[in-house]
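So the sequence lines, in the order shown, correspond to chains U and C. Numbers 1 to 489, taken from the numbering used here, label the letters of the first sequence in order. Numbers 1001 to 1489, taken from the numbering used here, label the letters of the second sequence in order. Beta carbons: idealized from backbone N, C-alpha and C, even for Gly. Just so we're clear, the structure is a prediction, and the values are computed from it rather than from any experiment.
2 protein chains.
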Amino acid sequence: MGKKKTPKGIGVKKEENFSEWYSELVKKAELADLRYNVKGFVCYRPWAAITIKKMFDLFEECLERKGHLPIVMPSLIPESNFKKEAEHVEGFTPEVFWVTEAGESEKFEEKLALRPTSETAIYPMYSYWIRSYNDLPFKRYQAGQVWRYEGKSTRPFLRAREFHWIEAHNVFASKKEALNQVKEDMETTKEMLTDEFGLSFIFFERPQWDKFSGAESTYAADALMDSGRVIQLPSTHFIGQGFAKVFDVKFKDKDGKEKYGYITCYGPAISRIFGAMIAIHGDDQGLVLPFKISPLQVVVVPIVYDEKKKEILSKAEKIGEMLSYSYRVKVDERDDISPGEKFNIWEMKGVPFRIEIGPKDLENNQAVIVRRYDGKKFFVGVKELEGKLRKLSEAYTKELRELHQQRFENLIEKCHSIDEVKKAINRGKIACAGFCSIDHDGEKCAEVIEKETGGKVRGCRLDKEDISFDKCIVCGKKAHKTVYIAKDY
Amino acid sequence: MGKKKTPKGIGVKKEENFSEWYSELVKKAELADLRYNVKGFVCYRPWAAITIKKMFDLFEECLERKGHLPIVMPSLIPESNFKKEAEHVEGFTPEVFWVTEAGESEKFEEKLALRPTSETAIYPMYSYWIRSYNDLPFKRYQAGQVWRYEGKSTRPFLRAREFHWIEAHNVFASKKEALNQVKEDMETTKEMLTDEFGLSFIFFERPQWDKFSGAESTYAADALMDSGRVIQLPSTHFIGQGFAKVFDVKFKDKDGKEKYGYITCYGPAISRIFGAMIAIHGDDQGLVLPFKISPLQVVVVPIVYDEKKKEILSKAEKIGEMLSYSYRVKVDERDDISPGEKFNIWEMKGVPFRIEIGPKDLENNQAVIVRRYDGKKFFVGVKELEGKLRKLSEAYTKELRELHQQRFENLIEKCHSIDEVKKAINRGKIACAGFCSIDHDGEKCAEVIEKETGGKVRGCRLDKEDISFDKCIVCGKKAHKTVYIAKDY
Chain U
1 MGKKKTPKGI
11 GVKKEENFSE
21 WYSELVKKAE
31 LADLRYNVKG
41 FVCYRPWAAI
51 TIKKMFDLFE
61 ECLERKGHLP
71 IVMPSLIPES
81 NFKKEAEHVE
91 GFTPEVFWVT
101 EAGESEKFEE
111 KLALRPTSET
121 AIYPMYSYWI
131 RSYNDLPFKR
141 YQAGQVWRYE
151 GKSTRPFLRA
161 REFHWIEAHN
171 VFASKKEALN
181 QVKEDMETTK
191 EMLTDEFGLS
201 FIFFERPQWD
211 KFSGAESTYA
221 ADALMDSGRV
231 IQLPSTHFIG
241 QGFAKVFDVK
251 FKDKDGKEKY
261 GYITCYGPAI
271 SRIFGAMIAI
281 HGDDQGLVLP
291 FKISPLQVVV
301 VPIVYDEKKK
311 EILSKAEKIG
321 EMLSYSYRVK
331 VDERDDISPG
341 EKFNIWEMKG
351 VPFRIEIGPK
361 DLENNQAVIV
371 RRYDGKKFFV
381 GVKELEGKLR
391 KLSEAYTKEL
401 RELHQQRFEN
411 LIEKCHSIDE
421 VKKAINRGKI
431 ACAGFCSIDH
441 DGEKCAEVIE
451 KETGGKVRGC
461 RLDKEDISFD
471 KCIVCGKKAH
481 KTVYIAKDY
Chain C
1001 MGKKKTPKGI
1011 GVKKEENFSE
1021 WYSELVKKAE
1031 LADLRYNVKG
1041 FVCYRPWAAI
1051 TIKKMFDLFE
1061 ECLERKGHLP
1071 IVMPSLIPES
1081 NFKKEAEHVE
1091 GFTPEVFWVT
1101 EAGESEKFEE
1111 KLALRPTSET
1121 AIYPMYSYWI
1131 RSYNDLPFKR
1141 YQAGQVWRYE
1151 GKSTRPFLRA
1161 REFHWIEAHN
1171 VFASKKEALN
1181 QVKEDMETTK
1191 EMLTDEFGLS
1201 FIFFERPQWD
1211 KFSGAESTYA
1221 ADALMDSGRV
1231 IQLPSTHFIG
1241 QGFAKVFDVK
1251 FKDKDGKEKY
1261 GYITCYGPAI
1271 SRIFGAMIAI
1281 HGDDQGLVLP
1291 FKISPLQVVV
1301 VPIVYDEKKK
1311 EILSKAEKIG
1321 EMLSYSYRVK
1331 VDERDDISPG
1341 EKFNIWEMKG
1351 VPFRIEIGPK
1361 DLENNQAVIV
1371 RRYDGKKFFV
1381 GVKELEGKLR
1391 KLSEAYTKEL
1401 RELHQQRFEN
1411 LIEKCHSIDE
1421 VKKAINRGKI
1431 ACAGFCSIDH
1441 DGEKCAEVIE
1451 KETGGKVRGC
1461 RLDKEDISFD
1471 KCIVCGKKAH
1481 KTVYIAKDY
């Protein structure tokens, strides 16, 4: 009779096999479909598409509040633009999809890159749009997708050949203002990832050998995945004047002189943050979504038996209507599946709250609120329902964040030898050690660490630098830096 | 001292040279920049990007209210998908940009189309997602951009090689339901274009030779541009079962039998509607934007002289703050440009209302509301300001629509010979004439009309069919249809 199959949680435990757990979650919660016939490209199904859209909306609102304006740029970039910045072309060329022809067989004289990132499309236009110090700071963002011919194996949302992001590109009159923008971007990252999506992370200054191609320095948020690896979430880059000189991004200063601007860029990959979020918050029942961005926030499930069917349904509808003024609510009145199956479905989808109403509840004029992330039940009088739900919902995302934060605690382990680093990493820890330099001088030592331990030098922590070491853990020279080492995703 | 140049209206009159007027408007209102170095690709600047985003939001809300859910599909389509539907490939191949390689020089075995439209990406997935009659109607939409290697000369927003649209793709169990969806799409077009964007249009059933490649029939809204030509705005297509058979979009019906679905698709090209909107509503002072989608709805301009500067600025700020709870408001306090220059700037940008407050107004505790589309002034006591503005703003878009509607009136001219058609079209009219058939039989007669008059057969009107003719204007056979003929953009 065309009845849908009910997902009853994930068939494999998250802590036993993260990778399989993730794949099954993506499938059972109907987030993405991997059967599209181009390798590394997936389809986002409605539940994911709606959530990701809400994430974009929050990010865009936040950026606009901070003075960024939207622009929409072409997604094709001529090869010649692309080649102008030497480091940039070297870093990105291996990842570029090229458009070389059109129609039946018309070959282009110059091939066009499907943008892997938009610096080389945007900055030539900035040279037209920025004239004087009056135009600065010049803050713009674009929301859209980029394409990268990714060599590593792909995984829906976390790494794909087409992904959806925001890129903000800003120009300032001074280095100081540009570096302040980097701080603002870090604050934005916290407002979004921590406050709205419930994610904990550490902000690092990346070593020189691991920075964005063409930037002077890169700052990036690493969040801990439950697979014991870290994942890079938004990064922000102090580009300096390099691109400005190449693309002629100049302004006439107050003193009448023409000067090059200082550029920063910030690139939150929304689809990747979505992936990290489902990986981090999800559990063996399925998805767990932060309150504000969940497509549905409350689902009302009537527990119907024949006797009081009408009254219960009517009560459920009334509750649903009452709550619908404040929340995105669905009353699940289907009668071809059982209440238990409905519980499974909405738990799989990660809806933050379920409200059950059965014959006993009707008798006592009460309802049961069930909180998704821990399954805790709250018995509430119908009159108190709205107030209770407000309290629970306001705390929900914060509580998710605290759960994630707890897993960070005691996670960082001071190490004094490569062997200690290796052991720490293999136990899913983040190693912390003395290091000679995160300038190019230190690259050789970093290579040793990666080869010996499988971990990568993530850089220097930006929020605090409270641990000090005497010697570089590899070469034994003076430790100018304390670095953090982890496997990455 | 880096002072901005003030645009003082458009240098060429709209009615004298529409084409130049349009180009200058796009430039002076800072909507798009045509200097991007790939032919046919333009950059949308913030004022356009914000407006277009609001248009997308309205359309998406409307589609979701009518039961569509969002999906996000890959933008690359394998050539083999593309080739499966014969008419479709024939119609679209000349317009496809092809991705043929990646990285340094890795050539693909199969080339990938940058989607010119997504049927051949989406329907193969529908064959996985649709299983039974329970899944129907299946209504999905995608918001994003498409690429077409356009042969005609391009013009920002109106015709470009990358444009931004929504495509809704729906599957139904019966032809009747599918045709009802076509009606719903026409209603959606009215709700958006007429009610929100102030545009008048006529819905036509297109002749068979002018339908969407792969559809059974195409219905499209033609709006009148002020250049005396019509422009096609959203179109909706009854696809029938053709694509369903090719891509195996089947469902198990109540009777247990497998059946092919009936497909419809609807494609409002938002960036094109934006272009038509600025072309239709704009005037010689610049842009005129409908109220709901204008980035700013009200601008407050203090008329400051030295004497009462402080009081006037403080009053302007108070008014600005009061209105900001209901509207998007800016108080333009710049003191390096004159009030007159500010008027020019915000008129150029199409902000619906300007509020002026000067020394006399301060004295009388009043303000002046100036309505953008006709420049009419309203002197209002400060206490009545909010109420008056509410009334004016609620009527604003409707009044824009009426102005556009008036230009349609008496526009349609009954013609009984090809010569009459030619004369009517040359006077900027829409000709209406008897015609043998809009099936393929009539194509030869349509070719004659196009060759002789420069006008195109737009099809049969869907809202009414009140005019009847005896004979086809070309071949003289019985007139089964009344068709409308106009130059198109």
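| Asked | Found |
| --- | --- |
| Integer-rounded CB distance, given that Glu1341/C should sit under 8 Å from Leu1313/C | Actually they are not in contact, since the Cβ atoms of Leu1313/C and Glu1341/C sit about 17 Å apart, beyond 8 Å. |
| Segment contact flag, the segment 1265-1282 of chain C with the segment 1048-1059 of chain C, C-beta cutoff 8 Å, min 3 pairs | yes |
| Partner residues on chain C for Trp21/U, Cβ-Cβ distance less than 7 Å | Near Trp21/U there are no residues of chain C at all, since even the closest Cβ is about 22 Å away, more than 7 Å. |
| Contacts around Ser174/U, its chain only, beta-carbon distance under 8 Å, and the 5 residues preceding and following it disregarded | Tyr262 |
| Length-filtered (3 minimum) beta strand (DSSP E) runs lying within the segment 1097-1178 of chain C | 1097-1102, 1106-1114, 1138-1147 and 1162-1172 |
| Residues near Leu1287/C by beta carbon distance below 7 Å, same chain, minus five either side | Leu1025, Ala1029, Ile1278, Met1348, Lys1349 and Gly1350 |
| 6 Å CB neighbourhood of Ala424/U in its chain, flanking five on each side removed | Glu413, Cys415 and Ala431 |
| Same chain, Cβ closer than 6 Å to Pro1352/C, neighbours up to 5 away in sequence not counted | Phe1291, Ser1294, Gln1297, Arg1372 and Tyr1396 |
| Proximity winner among Glu1452/C, Val1230/C, Gly1476/C and Asp1441/C, relative to Arg1458/C (alpha-carbon distances) | Val1230/C |
| Span separating the alpha-carbon of Ile50/U from that of Pro1070/C | 7 Å |
| Proximal residues to Ser213/U (C-beta, below 7 Å), its chain only, five neighbours per side dropped | Glu87, His88, Glu90, Gly91 and Phe92 |
| N- and C-terminal bounds of the beta strand (DSSP E) containing His440/U | Counting along the chain, His440/U falls outside any beta strand (DSSP E), and DSSP gives it neither H nor E. |
| CB contact flag (Gly1315/C, Ile1357/C, <8 Å) | The sequence shown places Lys at residue 1315/C, rather than the Gly named in the question. In this structure, Ile1357/C lies closer than 8 Å to Lys1315/C by Cβ. |
| Cys74/U at chain C interface by Cβ criterion, 8 Å | The displayed chain sequence assigns Pro, not Cys, to residue 74/U. For Pro74/U, the answer is yes, since a Cβ of chain C falls inside 8 Å of its Cβ. |
| Straight-line Cα distance separating Ser326/U from Glu363/U | 26 Å |
| Check whether Trp165/U and Val146/U have beta carbons under 8 Å apart | yes |
| Inter-residue CB distance, Met186/U and Thr236/U (contact presumed, cutoff 8 Å) | 7 Å |
| Chain U contact for Cys1062/C (CB, 8 Å cutoff) | no |
| Cβ of Gly11/U within 8 Å of any chain C Cβ | no |
| Contacts that Met322/U makes with chain C (C-beta to C-beta distance below 8 Å) | The premise fails here: Met322/U is roughly 21 Å from chain C at the closest Cβ pair, so nothing lies under 8 Å. |
| Where Asp1041/C meets chain U, residues with beta-carbon distance less than 8 Å | First, the amino acid is wrong: residue 1041/C is Phe here, not Asp. Here the neighbours are Pro74 and Leu76. |
| Segments of 3+ residues assigned as beta strand (DSSP E) that fall wholly inside the segment 1281-1311 of chain C | 1298-1302 |
| Same chain, Cβ closer than 6 Å to Pro1156/C, five either side skipped, listed in chain order | Val1026, Ala1032 and Val1042 |
| Close-in-space but distant-in-sequence residues of the same chain around Pro359/U (CB under 8 Å, 5 per side omitted) | Ile303, Tyr305, Glu307, Lys308 and Ile312 |
| Ile293/U at chain C interface by Cβ criterion, 8 Å | no |
| Residue-level contact to chain C via CB, Tyr44/U, 8 Å cutoff | yes |
| First and last residue of the uninterrupted beta strand (DSSP E) at Lys1013/C | Looking at the DSSP string, Lys1013/C is not in any beta strand (DSSP E), and its letter there is neither H nor E. |
| Three CB pairs or more closer than 8 Å across the segment 200-211 of chain U and the segment 60-69 of chain U | no |
| Proximal residues of chain U, C-beta to C-beta of Ala1102/C below 7 Å | Val96, Phe97, Trp98 and Tyr149 |
| C-alpha gap between Asp149/U and Glu95/U, whole angstroms | What sits at residue 149/U in the sequence shown is Tyr, not Asp. In a straight line, the C-alpha of Tyr149/U is about 4 Å away from that of Glu95/U. |
| Sequence-distant residues of its chain with Cβ nearer than 8 Å to Asp335/U (five each side left out) | Val304 |
| Minimum C-alpha distance to Leu233/U - residue among Pro46/U, Ile122/U, Gly267/U and Val382/U | Gly267/U |
| Presumed contact (8 Å Cβ cut-off) between Val1483/C and Ile1418/C, rounded CB distance | Not confirmed; about 13 Å, so no contact. |
| Partner residues on chain U for Lys1053/C, Cβ-Cβ distance less than 7 Å | Pro70 |
| Contacts around Gln208/U, its chain only, beta-carbon distance under 7 Å, and the 5 residues preceding and following it disregarded | Ile438, Asp439 and His440 |
| Backbone secondary structure at Glu1399/C - three-state DSSP | helix |
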